[in-house]
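**Student:** The structure under discussion is supplied below as structure tokens; questions concerning it will follow.
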Amino acid sequence: MTARPSALLDDLDTALLALAPIRRRILAALTEPASAAGLSEKLGLPRQNIGHHLRALEAAGLIQLAEERRRRGFTERLFVAARSYVFDPALMQAPPDPDAVEAQDRHAADHLISTASTIVRDVARMRQDAATEGSRLLTLTVEADVTFATPADFETFTEEVSTAVAALARKYSASSGRRYRLTAAAHPATPRPAPARN
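In terms of this note's numbering, the sequence shown is numbered consecutively and its last residue is 210.
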């Protein structure tokens with residue numbers, strides 16, 4: 013069994029378990045199958061200590077059994093972890109107020125953050141499911157830097173993007189088939205580091 017490309021951590025207890033320093037080291041070492049003995053040698057930690065953490069990680073679903081093999085009269089178990097872990101941003105957010113009206117202001121930073129958090133959670137979960145099924149998750153990412161000379165240019169750009177997205181949504185609105193969510197977002201670009209010079 014090869015490592016999963018990514019795994020979503022959407023439970024606080026599981027996330028905290030994964031964040032323990034020694035367990036982070038174990039997870040990082042398990043992108044390829046390994047046993048407690050192999051990890052003990054690689055990480056320089058007692059095998060019994062490694063075994064304890066492996067049992068906790070397996071129970072939490074953070075690692076999977078990759079192989080069992082007979083070796084010198086006992087069964088050696090090899091485990092594998094995901095290549096990366098994605099933390100659900102909602103783990104650190106306050107519970108939603110059921111009486112609050114959902115924000116619809118397209119210029120609100122809170123709305124952008126909430127939408128981005130939903131994308132992180134949903135795409136990570138779907139990628140995890142696709143990997144389990146042995147299929148590929150088809151996604152699209154388009155990025156571009158734009159520069160606005162005046163605030164009015166930003167408003168005009170907003171209207172043009174909204175109009176273009178609405179037109180595409182009307183064009184691709186089949187009554188059956190695979191439904192996709194298109195999200196267009198804009199935020200101030202962070203400065204890019206200058207290239208290093210020798």
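Just so you know, even glycine gets a beta-carbon here, dropped at the ideal spot from N, CA and C.
Bear in mind that the values here come from a model prediction, so they are computed numbers and not experimental data.
Check for me: the beta strand (DSSP E) holding Phe99 runs from which residue to which?
**Tutor:** Position 87 of the sequence shown, counting from 1, holds the residue named residue 99. Residues Tyr97 to Phe99.
**Student:** Compute the beta-carbon to beta-carbon distance between Leu20 and Ala136, rounded to the nearest angstrom, for a pair I have assumed lies under 8 Å.
**Tutor:** For the purposes of this step, residue 20 is taken as residue 8 along the sequence shown, with counting starting at 1. For the purposes of this step, residue 136 is taken as residue 124 along the sequence shown, with counting starting at 1. Right, the Cβ-Cβ distance comes to about 4 Å (below 8 Å), so this counts as a contact.
**Student:** Please state the DSSP three-state secondary structure of Phe166.
**Tutor:** Looking up residue 166 in the sequence shown gives position 154. Helix, per DSSP.
**Student:** Please name the residue, chosen from Pro45, His199 and Ser174, that lies closest to Ala156 on a Cα-to-Cα basis.
**Tutor:** Sequence index remark: in the sequence shown, residue 156 carries index 144 (1-based). The shortest Cα separation from Ala156 among Pro45, His199 and Ser174 belongs to His199.
**Student:** Only counting the same chain, and skipping five residues up and downstream in sequence, which positions put a Cβ closer than 7 Å to that of Arg59?
**Tutor:** In the sequence shown, counting from the first residue as 1, residue 59 sits at position 47. Only Ala48, Ala49 and Ser52 meet the Cβ criterion.
**Student:** For Ala93 and Ile131, what's the separation of their Cα atoms in angstroms?
**Tutor:** Counting from 1 along the sequence shown, the entry for residue 93 is found at position 81. Counting from 1 along the sequence shown, the entry for residue 131 is found at position 119. C-alpha separation (whole angstroms): 23 Å.
**Student:** Would the stretch 85-92 and the stretch 37-45 be scored as touching if the rule is three or more Cβ pairs under 8 Å?
**Tutor:** yes
**Student:** Evaluate Tyr97 with the Cβ neighbour count: other Cβ atoms within 10 Å of its Cβ, from every protein chain shown; 16 or more gives buried, anything less gives exposed.
**Tutor:** Mapped onto the sequence shown, residue 97 falls at position 85. Buried, since its Cβ has 16 or more Cβ neighbours within 10 Å.
**Student:** Does DSSP put Val113 in a helix, a strand or coil?
**Tutor:** If you number the sequence shown from 1, residue 113 lands on position 101. Unreliable placement is indicated for Val113, whose pLDDT of 44 sits below 50; the coordinate value is still reported in the next sentence. The answer is coil: DSSP assigns Val113 none of H, G, I, E or B.
**Student:** Expressed to the nearest angstrom, what Euclidean distance is found between the alpha-carbon atoms of Ile62 and Ala68?
**Tutor:** Here residue 62 refers to the residue found at position 50 of the sequence shown. Here residue 68 refers to the residue found at position 56 of the sequence shown. Going by the C-alpha atoms only, they are around 10 Å apart.
**Student:** Nearest-angstrom Cα distance between Ala142 and Ala102?
**Tutor:** Translated into positions along the sequence shown, residue 142 becomes position 130. Translated into positions along the sequence shown, residue 102 becomes position 90. Rounded to the nearest angstrom, the two C-alpha atoms are 22 Å apart.
**Student:** By how many angstroms is the C-alpha of Thr153 removed from the C-alpha of Gln140?
**Tutor:** To locate residue 140, count along the sequence shown from 1; it is residue 128. To locate residue 153, count along the sequence shown from 1; it is residue 141. Gln140 and Thr153: Cα-Cα distance of roughly 18 Å.
**Student:** In the structure shown, what three-state DSSP assignment does Ala93 receive?
**Tutor:** By 1-based counting over the sequence shown, the position of residue 93 is 81. Ala93: strand per DSSP, three-state reduction.
**Student:** Hey, how far is the Cα of Ile38 from the Cα of Ala120?
**Tutor:** Translated into positions along the sequence shown, residue 38 becomes position 26. Translated into positions along the sequence shown, residue 120 becomes position 108. Distance between the alpha carbons of Ile38 and Ala120: 40 Å.
**Student:** So within the stretch 56-82, which uninterrupted alpha helix (DSSP H) runs reach at least 4 residues, ignoring any that extend past its ends?
**Tutor:** 59-71
**Student:** Excluding five sequence neighbours on each side, which residues of the same chain lie with their C-beta closer than 7 Å to the C-beta of His65?
**Tutor:** As a working mapping, residue 65 is identified with position 53 in the sequence shown. Closer than 7 Å at the Cβ level, and outside the excluded window around His65, lie Ile34, Arg35 and Ile38.
**Student:** Assuming contact is defined by CB atoms lying nearer than 9 Å, are Glu80 and Glu70 in contact in what I supplied?
**Tutor:** Residue 80 sits at position 68 when you count from the first residue of the sequence shown. Residue 70 sits at position 58 when you count from the first residue of the sequence shown. No; because the gap between Cβ atoms is not below 9 Å, this pair is not in contact.
**Student:** Could you tell me the distance, in whole angstroms, from the CA atom of Pro17 to the CA atom of Leu24?
**Tutor:** Against the sequence shown, residue 17 aligns to sequence position 5. Against the sequence shown, residue 24 aligns to sequence position 12. About 21 Å.
**Student:** Between the alpha carbons of Val113 and Thr170, how many angstroms are there, rounded?
**Tutor:** Reading the sequence shown from its first residue, position 101 is the one you call residue 113. Reading the sequence shown from its first residue, position 158 is the one you call residue 170. Confidence in Val113 is poor, its pLDDT being 44 and thus under 50, which makes the residue's placement unreliable; the coordinate value appears in the next sentence. Val113 and Thr170: Cα-Cα distance of roughly 24 Å.
**Student:** So Thr144 packs on Ala72, CB below 8 Å; how close in whole Å?
**Tutor:** Against the sequence shown, residue 144 aligns to sequence position 132. Against the sequence shown, residue 72 aligns to sequence position 60. The Cβ separation is near 17 Å, so there is no contact.
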